[in-house]
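Numbering (UniProt numbering), first residue to last: 1 to 287.
Backbone N, C-alpha and C define an ideal beta-carbon position, used for all residues, glycine too.
Note that the structure is a prediction, hence the values are computed from the model and not measured.
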């Protein structure tokens, strides 16, 4: 979900931490992500209320750890995402009785909105805060985090970083597993400041990556993958990248310069300097 390849790039700066380390924190929870996870466990017809069961136990677990969760509900999705939503509806409600008209569109989210409403009712009865944004939930999660109103976002969607999130908790689990088995549960913590400090990879480059590699909103540019994008990013700061992309519309020389560099056989594909990759590797081994 979200921007292609982004989680892979951020993996070196990810830490798996036990859930008890979240004690005292306020977190914005992208509710739709937890619903989707629950709906993928069992077919809707077999266990139509799995989402309520999972949500109840997860919410209770956070409260017992003295974590203050704020659940964020989906608003109106942009039209650019309708195709993606339609595909997800088929997976999430597999086994459910088909609608009479048989039309499946991303605009029709009646089943999903019904599920969200049930979840909101239960959370409010538990005394837990719920907020609904005008657009997608991850955008409001990111806004709250960027403004310092919450300490982090709990989400599976990498779009959070494009919207301005600083810290995202991913792969949330209350089950005992792995190295943190004795601790109860664990979560992957992604802190974007580590990527900024280590590789000058911030919000603007994330937006550029969504445009070039693809996201939930578009397929990106055909033929451009992770390696090409990272190589393009090397010579540009995070503050320069979007202006550079805008310049391609009016200044063809900028585009041609980067294309020539990518295709130049005399430039090392690893470091970007003049020479062959094999020669540079051999020299490094002798040092």
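In angstroms with no decimal places, state the Cα-to-Cα distance between residue 39 and residue 50.
Sequence index remark: in the chain shown, residue 39 carries index 39 (1-based). Sequence index remark: in the chain shown, residue 50 carries index 50 (1-based). Roughly 7 angstroms separates the two Cα atoms.
Straight-line Cα distance separating residue 194 from residue 163:
One-based indexing of the chain shown puts residue 163 at position 163. One-based indexing of the chain shown puts residue 194 at position 194. Taking the straight line from one Cα to the other gives about 17 angstroms.
Start and end residues, alpha helix (DSSP H) containing residue 159:
For the purposes of this step, residue 159 is taken as the residue at position 159 of the chain shown. Counting along the chain, the alpha helix (DSSP H) containing residue 159 begins and ends at 159–162.
Host beta strand (DSSP E) of residue 15 (start-end)
Here residue 15 is taken as the residue at index 15 of the chain shown, counted from 1. Its beta strand (DSSP E) spans residues 14–18.
Apart from the five residues on each side of it in sequence, which residues of its chain come closer than 6 angstroms, Cβ to Cβ, to residue 6?
Locating residue 6 in the chain shown gives position 6, counting from the first residue. Cβ neighbours of residue 6 beyond the five flanking positions: 158.
Just to confirm, are residue 71 and residue 29 a CB contact at a threshold of 7 angstroms?
Position 71 of the chain shown, counted from the start, is the residue given in the question as residue 71. Position 29 of the chain shown, counted from the start, is the residue given in the question as residue 29. Against a cut-off of 7 angstroms, the Cβ pair of residue 29 and residue 71 comes out as a contact.
Just to confirm, are residue 167 and residue 152 a CB contact at a threshold of 7 angstroms?
By 1-based counting over the chain shown, the position of residue 167 is 167. By 1-based counting over the chain shown, the position of residue 152 is 152. In terms of Cβ geometry, residue 167 and residue 152 form a close pair [threshold 7 angstroms].
Determine, using beta carbons only, whether residue 191 and residue 16 come nearer to each other than 7 angstroms.
By one-based count along the chain shown, residue 191 stands at place 191. By one-based count along the chain shown, residue 16 stands at place 16. Their beta carbons are not under 7 angstroms apart, which means residue 191 does not touch residue 16 by this criterion.
Please classify residue 244 as buried or exposed, where buried requires at least 16 neighbouring CB atoms within 10 angstroms.
Locating residue 244 in the chain shown gives position 244, counting from the first residue. Note on residue 244: 16 or more other CB atoms within 10 angstroms of its CB, so buried under the neighbour-count rule.
Measuring CB atoms only, is the stretch 222–236 touching the stretch 203–212, in the sense that at least three cross pairs come out at less than 8 angstroms?
By the criterion of at least three beta-carbon pairs nearer than 8 angstroms, the stretch 222–236 is in contact with the stretch 203–212.
Residues bridged to residue 187 (per DSSP):
Locating residue 187 in the chain shown gives position 187, counting from the first residue. In DSSP, residue 187 forms a bridge with 17.
Element boundaries [alpha helix (DSSP H), containing residue 228]
Position 228 of the chain shown, counted from the start, is the residue given in the question as residue 228. In the DSSP assignment, residue 228 falls within the alpha helix (DSSP H) that extends over 226–233.
Own chain partners of residue 146 with C-beta closer than 6 angstroms, once the 5 adjacent residues on each side are dropped
The residue labelled residue 146 in the question sits at position 146 within the chain shown. Cβ-Cβ distances below 6 angstroms link residue 146 to 164 in the same chain, with the five nearest sequence neighbours on each side left out; the list follows chain order.
For residue 34, collect the residues of the same chain with a Cβ closer than 7 angstroms to its Cβ; drop the 5 residues on either side in sequence, then sort them by chain order.
Numbered from 1 along the chain shown, position 34 holds the residue referred to as residue 34. Excluding sequence neighbours, residue 34 sits near 54, 55, 58.
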